[in-house]
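Beneath this line is the structure, given in structure tokens, with notes to follow.
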Amino acid sequence: MITLEKASKTVSQVANDANSSPARTAVSLPEEPLIKIRAHRRWAAANLLDLWVHRELLYFLIWRELKARYKQTLLGISWVILQPLLMTIVFTVVLGKLVGVRTGVTPYPLFLYAGLLPWIFFSNAVSNGSQSLVAGSQMITKVYFPRIIIPAAAVGVRLSDFLVASVVLIGLMKYYGIPLGWPLLLAPLLVIHVTLLALALSAWLSALNVRYRDTGTALPVVLQLWMFASPIVYSAELVPARWQWLYELNPMTGIVEGFRSALLGLPFNRSSLIASVVITLALLIGSTFVFGRMEDEFADIV
Amino acid sequence: MKPIVSVRNVSKLYHVGRPLGLRPSLREALTSFVTRQNGHSSDETLWALKDISFEAQPGEVIGIIGRNGAGKSTLLRILARITKPSNGEIDIYGRLGTLLEIGTGFHPDLTGRENIFLNGTILGMKVREIRRKFDEIVAFSEVERFLETPVKHYSSGMYLRLAFSIAAHFEPDVLLLDEVVAVGDISFQKKCFDKMQAVSREGKTIFLVSHNLNSIQSLCTRVFLVRSGRLCEGENPKQVISSYVNDQLPAAGGLNKNIN
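First to last, the sequence lines map onto chains A and B. At position 191 of the first sequence the residue is numbered 190 (numbering that gives the first Met the number 0), and the sequence of numbers has no breaks. At position 214 of the second sequence the residue is numbered 213 (numbering that gives the first Met the number 0), and the sequence of numbers has no breaks.
See the structure below:
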């Protein structure tokens, strides 16, 4: 992105049109155009670096959602903690006490919370992200900025929820006497990993949702099924050995297992982590192309 | 002399009959995919703009007039990068500011102060820049007393003044305006006019789409008439405006006299 500062350094030219008044000041125009508008290209990738260039806008869009969300609520930020906490309680009672799911040395409530936390982040980020472009149609049709910022902001809002709810996790770990070890340093990497996965799917699905509104209808069902296809409420070890390879192709398997291992000091499952990284990167690259190809016409069809 | 905006052979094609443009379901898209494979489609096209070329110099105030649906807004939206042209190229040698709507991205629950930062960054300002101009923006908008009030409690006039004030202080090199100055009371309209004239004296270029021929006549140094997607430019603004009026109302000599 070329900034104005750069522009002002270039050759100075004086404006004098037909109607010029004596007070007219000198204008310096840059050698190269700051903005080049070209016809729609079939193969264009959205530029993820735009997220950095326009980070202030990204920040304000996230801040707007958070600020507005808490302005007229009674319990405010505690909702963010209540969702994983209530789900943990329900699953502990139903699956832990009634069904009797075994999770080895880890206490079941802690096992659950450590899995639900990244899952709820991922699931909320993808469902909000996929609706974000349609929800932001007012902006899309009135002003230009790189559209990828809109789904990214939706993911960012949920990321901040995740960080708040993580505080409870630390409390739970203390309560159950889990020692804080070196593997904990891997947790931030896994948070970045799940954020990128959520961003890739949000960008992809939000672009799709502009065209096909049934994307938004189908997604909750898919996410619900996806949760039970991931090791959230049960351990991945329960999956039969001959299906493990398929199970590990689910990128959330590697993330949730990895997150749990990092926090609770359990052994890592390398193959599922590697599969997850590869699939996440592939989805990320694919989504920039899908998004880039479709973003030119968002304003026309949204 | 080098132009600040250079538009070369820009066209915009819209698919009117294609179900894809009309919020379809996946099923419709699949069925239309099949029909297209058979070599048939319900695709009807419309050239909203056809082969538009022009150059704009720094300091020009360019009015764009034309009937509803002639393509004025499409031209503005393409210049604003909201939608892409189907053909052609545009180069802009400067920073671009767009005000197609008052208060884009305003959140009703946020205060005036918060919305200044939000709307400013959406329009393309840096936070540093907004901080520097904050007092000026507030003073111009005359809402000092209500800075900490959520904008949903603002009167429409206050809302408008704040939104225009933010956009006016963006100081882009090229400013695109869509019918926004036609709102507000007379004293505020006067203020907007003065601001726009001041901006153009600084060598900024303004594009103004409006149906208010009086304001076009008094503000603009050049006028484009868009007629079914094509651009017509006469010798001077007066002549373009009167040819448009004569076009529209062959018998309405009275109105013609009015604006002259």
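From the three backbone atoms N, C-alpha and C, an ideal C-beta is built for every residue, glycine too.
Query, Result
"Endpoints, beta strand (DSSP E) assigned at ASP177(B)", "173–177"
"Environment of GLU294(A) [buried if 16+ CB atoms lie within 10 Å]", "buried"
"Three-state secondary structure assigned by DSSP to GLU234(B)", "coil"
"Residues that PRO32(A) contacts on chain B, provided the C-beta gap is smaller than 7 Å", "ASP90, ILE91, TYR92"
"Selected residue, minimal CA-CA separation from TRP203(A), among LEU50(A), SER126(A), GLN71(A)", "SER126(A)"
"Chain A residues whose Cβ lies nearer than 9 Å to that of LEU48(B)", "Simply none; closest approach about 12 Å."
"Members of the segment 282–297 of chain A that neighbour chain B once the beta carbon cut-off is set at 8 Å", "ASP295, GLU296"
"Buried or exposed (CB count within 10 angstroms, at least 16 for buried), THR279(A)", "buried"
"Neighbour flag for PHE161(A) against chain B, beta carbons, 8 Å", "no"
"DSSP three-state assignment for LEU33(A), whether helix, strand or coil", "coil"
"CB-CB length for PHE121(A) against ALA197(A), believed under 8 Å", "5 Å"
"Against chain A: residues of the segment 72–86 of chain B by CB proximity under 8 Å", "ARG76, ILE77, LEU78, ALA79, ARG80, ILE81, THR82, LYS83, PRO84, SER85, ASN86"
"Three-state secondary structure (DSSP) of LEU28(A)", "coil"
"HIS192(A) classed as buried or exposed, judged by whether at least 16 other C-beta atoms fall within 10 angstroms", "buried"
"Residues bridged to LYS11(B) [DSSP beta-bridge criterion]", "LEU48(B)"
"Three-state secondary structure assigned by DSSP to GLU236(A)", "helix"
"THR216(A) versus GLN130(A): straight-line alpha-carbon distance, rounded", "10 Å"
"Touching by the beta-carbon criterion (3+ pairs, under 8 Å), the segment 31–39 of chain A and the segment 84–99 of chain B", "yes"
"Alpha-carbon to alpha-carbon, SER72(B) and ILE215(B)", "16 Å"
"Positions along the segment 92–124 of chain B whose CB lies within less than 8 Å of some CB in chain A", "TYR92, GLY93, ARG94, LEU95, THR97, LEU99, GLU100, THR103, GLY104, HIS106, ASP108, LEU109, GLU113, PHE116, LEU117, THR120, ILE121, LEU122, GLY123"
"Cβ-based neighbour list, LEU60(A), same chain, cut-off 6 Å, excluding 5 preceding and 5 following", "ALA152"
"Beta-carbon neighbours of THR140(A), restricted to chain B and to distances below 7 Å", "ILE81"
"With 16 other Cβ atoms within 10 Å as the buried cut-off, status of PHE227(A)", "exposed"
"Length-filtered (3 minimum) beta strand (DSSP E) runs lying within the segment 90–163 of chain B", "95–98"
"VAL198(B) - containing alpha helix (DSSP H), residue span", "185–200"
"Per-residue contacts from VAL126(B) into chain A (C-beta, under 7 Å)", "GLU55"
"Cutoff 8 Å: LYS190(B) Cβ touching any chain A Cβ", "no"
"DSSP state of ARG101(A) mapped onto helix, strand, coil", "coil"
"Residue range of the unbroken beta strand (DSSP E) whose run includes PHE223(B)", "221–226"
"Candidates LYS125(B), ASN86(B), LEU218(B), of which the one nearest ARG40(A) by Cα", "ASN86(B)"
"With 16 other Cβ atoms within 10 Å as the buried cut-off, status of ARG157(A)", "buried"
"Beta carbon proximity, ARG41(A) to chain B, threshold 8 Å", "no"
"Rounded separation between ARG101(A) and LEU94(A) - CA only", "9 Å"
"Runs of alpha helix (DSSP H) lying entirely within the segment 39–81 of chain A, each at least 4 residues, in chain order", "49–52, 54–70"
"Beta-carbon gap between VAL301(A) and THR97(B) smaller than 8 Å", "no"
"Contacts that LYS151(B) makes with chain A (C-beta to C-beta distance below 9 Å)", "Within chain A, no residue comes near LYS151(B); the closest Cβ sits about 10 Å away, beyond 9 Å."
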